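For the sequence shown, the UniProt record's numbering gives the first residue as 1, with consecutive numbering after it.
We put the beta carbon where it would ideally sit given N, CA and C, even for glycine.
Since the model is a prediction, treat every value here as computed from it, not as a measurement.
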Amino acid sequence: MVLPRGTAQVSVKQNGYDVYQTTVPPGPFTIDDINSAANGGDLQVTIKEADGSIQTLYVPYSSVPVLQRAGYTRYALAMGEYRSGNNLQSSPKFVQGSLMHGLEGNWTPYGGMQIAEDYQAFNLGIGKDLGLFGAFSFDITQANTTLADGTRHSGQSIKSVYSKSFYQTGTNIQVAGYRYSTQGFYNLSDSAYSRMSGYTVKPPTGDSNEQTQFIDYFNLFYSKRGQEQISISQQLGNYGTTFFSASRQSYWNTSRSDQQISFGLNVPFGDITTSLNYSYSNNIWQNDRDHLLAFTLNVPFSHWMRTDSQSAFRNSNASYSMSNDLKGGMTNLSGVYGTLLPDNNLNYSVQVGNTHGGNTSSGTSGYSSLNYRGAYGNTNVGYSRSGDSSQIYYGMSGGIIAHADGITFGQPLGDTMVLVKAPGADNVKIENQTGIHTDWRGYAILPFATEYRENRVALNANSLADNIELDETVVTVIPTHGAIARATFNAQIGGKVLMTLKYGNKSVPFGAIVTHGENKNGSIVAENGQVYLTGLPQSGKLQVSWGKDKNSNCIVEYKLPEVSPGTLLNQQTAICR
Numbered sequence: 001m002v003l004p005r006g007t008a009q010v011s012v013k014q015n016g017y018d019v020y021q022t023t024v025p026p027g028p029f030t031i032d033d034i035n036s037a038a039n040g041g042d043l044q045v046t047i048k049e050a051d052g053s054i055q056t057l058y059v060p061y062s063s064v065p066v067l068q069r070a071g072y073t074r075y076a077l078a079m080g081e082y083r084s085g086n087n088l089q090s091s092p093k094f095v096q097g098s099l100m101h102g103l104e105g106n107w108t109p110y111g112g113m114q115i116a117e118d119y120q121a122f123n124l125g126i127g128k129d130l131g132l133f134g135a136f137s138f139d140i141t142q143a144n145t146t147l148a149d150g151t152r153h154s155g156q157s158i159k160s161v162y163s164k165s166f167y168q169t170g171t172n173i174q175v176a177g178y179r180y181s182t183q184g185f186y187n188l189s190d191s192a193y194s195r196m197s198g199y200t201v202k203p204p205t206g207d208s209n210e211q212t213q214f215i216d217y218f219n220l221f222y223s224k225r226g227q228e229q230i231s232i233s234q235q236l237g238n239y240g241t242t243f244f245s246a247s248r249q250s251y252w253n254t255s256r257s258d259q260q261i262s263f264g265l266n267v268p269f270g271d272i273t274t275s276l277n278y279s280y281s282n283n284i285w286q287n288d289r290d291h292l293l294a295f296t297l298n299v300p301f302s303h304w305m306r307t308d309s310q311s312a313f314r315n316s317n318a319s320y321s322m323s324n325d326l327k328g329g330m331t332n333l334s335g336v337y338g339t340l341l342p343d344n345n346l347n348y349s350v351q352v353g354n355t356h357g358g359n360t361s362s363g364t365s366g367y368s369s370l371n372y373r374g375a376y377g378n379t380n381v382g383y384s385r386s387g388d389s390s391q392i393y394y395g396m397s398g399g400i401i402a403h404a405d406g407i408t409f410g411q412p413l414g415d416t417m418v419l420v421k422a423p424g425a426d427n428v429k430i431e432n433q434t435g436i437h438t439d440w441r442g443y444a445i446l447p448f449a450t451e452y453r454e455n456r457v458a459l460n461a462n463s464l465a466d467n468i469e470l471d472e473t474v475v476t477v478i479p480t481h482g483a484i485a486r487a488t489f490n491a492q493i494g495g496k497v498l499m500t501l502k503y504g505n506k507s508v509p510f511g512a513i514v515t516h517g518e519n520k521n522g523s524i525v526a527e528n529g530q531v532y533l534t535g536l537p538q539s540g541k542l543q544v545s546w547g548k549d550k551n552s553n554c555i556v557e558y559k560l561p562e563v564s565p566g567t568l569l570n571q572q573t574a575i576c577r
């Protein structure tokens, strides 16, 4: 594990592709919103400091994503050009596809292919839901590769993944073993290199004092041989959580291997949280071994507030973190962070810190940022200063769905999502969704949804305009993987009136049905001829019926009075003829 010494740009690659990029303040950071590739693949995390220095670590990642319900088929096909951003790699055109099908007995066979001019790979595998015993998958990949020196290689890779959660004890175990059983196995990224070994060199900026930066060392003479990894997390009830993970990557033609170990403990004291973490990493291409011991403390401002406080800072926190590389280098950081606005969709952070000792550059640093999550996308802006350097950064991100009714903008999209359709109900908040509300047409995007499970979509009735009424405020959808489910709401737009209906010298009978316009659902007359109606135009006709003969039907001609803004309900008496 490595920590940024100042404000840093963090980029994440998986299978050679950029999958995530963000800017983080100094000290420990967490990334919890990566949409990683469905077929797994370790994550390469690159931390670029404000002074231009670069740190790289590899995070083992595996999952059992192949399981499909019986009778369901999932497929994907893509064509494109490989662009890694690495100046030592070409941009070959390629095509790739995958196919999965659920069988009875919780079995899922799957396969895929990836084809380029110098690379052809084919994959077959099987996944199994073991019920109480967890889930596993097993597959084999055959790859044929032409490398930069013109040599051709053929090899196989065998992969197995097992995962199990013990809900009763709060234990989650994931064990994954990769075995590159032959020396000739390579991936598409390897085939794109223009030479057999070397470093990616960071282009100089023109500063005469700047040292050359070497990143992403590769050596195709040492192909990957085998990898083992294990990850365990344990809930400790009111005492917090603990975790442990370890991985080892071996290579052909050398006895050395990459090793990573990390473990930690998170302990709450009421609403105060603390964590203690240790990590160790050793890369065969680096002579130095990295150790890191880190401690963090978070205290919410609400700790000093009444439970009914309406302070704008009730969702703010004070933080402190300390990290030591066990070589004399120490970093201390303190600051405040939290959320603002009624919907808590404006995140802010302010931090100051200092670094001293060891091989690190001593000095102070400062950092501030704002991140806004809106209905049409996200924006962020920040400023940092470390030593004699400073930087300003900003960014925007979002998603677009084109559908039968038009185009809807939203926050960055996940694999499975929900399109809310409530025509005419504009600017209505979605419950349990940060910063999301319907647009001017009544549409909104929920960027994430749980596949094969009931997803409750609810509109906040308190945010409706005075002249809008919903037939129902909650809709349940069950999307499949990768689907865009539609949650449709019917909005009645118009006046709201409590009308007392008279027929002759009497009230319209109890139970009579009142309809208007295209609304055929009708409203039921209560005692004393009273009926509650919504979505009425300023004037019009109502059809009233309580039987089949002509004396059991009548028509009401009405005209609603002009009302002042904020009046929620009209009341009037009308004659039915």
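- The beta carbon of N455 lies closer than 6 Å to those of A449 and V477 in the same chain, with the five residues before and after it left out.
- Beyond the five residues adjoining it in sequence on each side, E557 comes within less than 7 Å, by CB distance, of K541 in the same chain, given in chain order.
- Around A121, the same chain offers M113, Q114, I115, T141, Q142, A143, N144, N187 and L188 as residues with beta carbons nearer than 8 Å, after the five sequence neighbours per side are excluded.
- In the DSSP assignment, the residues bridged to D139 are G125 and K159.
- For S507, the CB contacts under 6 Å within the same chain, skipping 5 residues up- and downstream, are N528 and G529 in chain order.
- Excluding residues up to 5 positions away in sequence, R441, G442 and A491 lie with their Cβ nearer than 7 Å to the Cβ of P423 in the same chain.
- Look at G71 here: in three-state DSSP terms it is coil, with no helix or strand label.
- Under the criterion of beta carbons closer than 8 Å, V474 and V418 do not qualify as touching, at roughly 13 Å.
- Contact between the region 276-295 and the region 314-327 is present, with at least three C-beta pairs closer than 8 Å.
- Closest by C-alpha distance to G335, out of P342, S349 and S262, is S349.
- Scanning I430, G414 and L413 for the CA closest to the CA of V420 turns up I430.
- In the three-state DSSP reduction, K550 falls in the helix class (H, G or I).
- When secondary structure is reduced to three states using DSSP, L188 falls in the helix class.
- Take S90, set aside five residues on each side of it, and the residues of its chain with a beta-carbon closer than 7 Å to its own are A192 and S194, in chain order.
- Ranked by how close their Cα comes to the Cα of F218, the residues G395, Y239 and Q286 have Q286 in first place.
- Two segments are said to touch when three or more pairs of C-beta atoms, one from each, lie closer than 8 Å; by this definition the region 338-345 does not touch the region 354-369.
- A straight-line Cα-Cα distance of about 58 Å links Q235 and M499.
- Taking each of V497, A425, Y119 and G399 in turn and checking the Cα distance to L446, the smallest one comes out for G399.
- In the three-state reduction of the DSSP assignment, E557 falls in the strand class.
- In this structure L533 touches S523 by the C-beta definition: roughly 6 Å separates them, less than 8 Å.
- The Cβ atoms of F138 and S157 lie no closer than 8 Å to each other.
- For S231, the closest of Y162, D271, H303 and P268 by C-alpha to C-alpha distance is Y162.
- With respect to the 8 Å criterion, G127 and K164 are not classified as neighbours on the basis of their beta carbons.
- Inside the region 384-455, DSSP marks whole beta strand (DSSP E) runs of 3 or more residues at positions 389-397, 399-403, 406-410, 417-421 and 443-446, from first to last along the chain.
- Distance from the CA of T331 to the CA of D388, rounded to the nearest whole angstrom, comes to 18 Å.
- DSSP places Y82 in the coil class of the three-state scheme, outside both helix and strand.
- Distance from the Cα of V381 is smallest, within the candidate group I392, G374, A375 and R373, for I392.
- In the same chain as H291, and ignoring 5 residues on each side of it, the C-beta atoms closer than 8 Å to its own belong to Y278, S279, Y280, D325, L326 and K327, in chain order.
- S386 and S365 do touch by the CB rule: their CB atoms are close to 4 Å apart, below 8 Å.
- Minimum Cα-Cα distance from I468 among the listed residues F263, V428, T182 and T488 corresponds to V428.
- In the DSSP annotation of this structure, the continuous segment of the beta strand (DSSP E) that includes E228 starts and ends at K224 to Q235.
- Inclusion of A425 and I436 in the CB contact set at 8 Å is not warranted, their separation being larger than that value.
- Collapsing the DSSP output to three states places S368 in a strand.
- Look at E527 here: in three-state DSSP terms it is helix.
- Taking L103 as the centre and dropping the five residues before and after it, the same chain places the C-beta of A70 and P109 closer than 8 Å to its C-beta, in chain order.
- Annotated as proximal: F243 and S233, with beta-carbon spacing under 8 Å.
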